[in-house]
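Numbering (my numbering), first residue to last: 3 to 166. The structure appears below as structure tokens.
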């Protein structure tokens, strides 16, 4: 693997999730968002010698590709609020990607309990019944999960307070 391939692989690992979440702010289909991000990386690969800032190129490319798809005849979409600049969407996507990385890093059972509670909205008793564990074990998993991702959650709070 030559240095250009190593560099694009490093950039891919660093920005893929952020770009994917960013694209989802524009388009509501995961498959479409994945295609947009992959096409943007392909564009970067083809222009690697010309691009000075890969991050800026990728976010701009993703945004432009999303807008291009959304403005095709017959496409209907819910417009993004005008008062949320593109830079804020980029930061929001970065924070959301960090959250998912932190959640993905949790041990399997803890992640499962956490997602059933926070994503799916199940009560502790429902989770305990579904997984065959005690309610106290559910509480412990949630507490440990929140402790593990507290730094990311702190950044989210700071981010959203900046809009207040």
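No residue lacks a Cβ here, since even glycine has one placed at the ideal position from N, Cα and C. Computed from a predicted model, the values in this text were never measured in an experiment.
The C-alpha of residue 92 is placed about 7 Å away from the C-alpha of residue 61.
For residue 61, the enclosing alpha helix (DSSP H) begins and ends at 56–72. Scanning 160, 112 and 72 for the CA closest to the CA of residue 25 turns up 72. Judged by beta-carbon spacing, residue 35 lies within the 8 Å limit of residue 22, meaning their Cβ atoms are closer than that value. A distance below 7 Å between beta-carbons, with the five flanking residues on each side excluded, links residue 144 to the following residues of its chain, in chain order: 115, 116 and 119.
Separation of the CB atoms of residue 111 and residue 126 is rounded to 15 Å, and the pair is thereby denied contact status at 8 Å. Nearest neighbour of residue 154 by Cα position, chosen from 100, 131 and 43, turns out to be 100.
DSSP, read as helix, strand or coil, puts residue 23 in helix. Using a 10 angstroms sphere on the CB of residue 44, the tally of other CB atoms stays under 16, which defines it as exposed.
If you check the CB distance, residue 53 and residue 46 come in under 8 Å. DSSP, reduced to helix, strand and coil, places residue 136 outside both helices and strands of the structure shown, so it counts as coil. Nearest in C-alpha terms to residue 157, of all of 113, 97 and 129, is 97. Secondary structure note for residue 46: its alpha helix (DSSP H) is the uninterrupted segment 32–48. Straight-line measurement puts the Cα of residue 56 at about 10 Å from the Cα of residue 49. In this structure, residue 19 sits near residue 103, with a CB-CB distance shorter than 8 Å. Rounded to the nearest angstrom, the gap between the Cα atoms of residue 70 and residue 42 is 13 Å.
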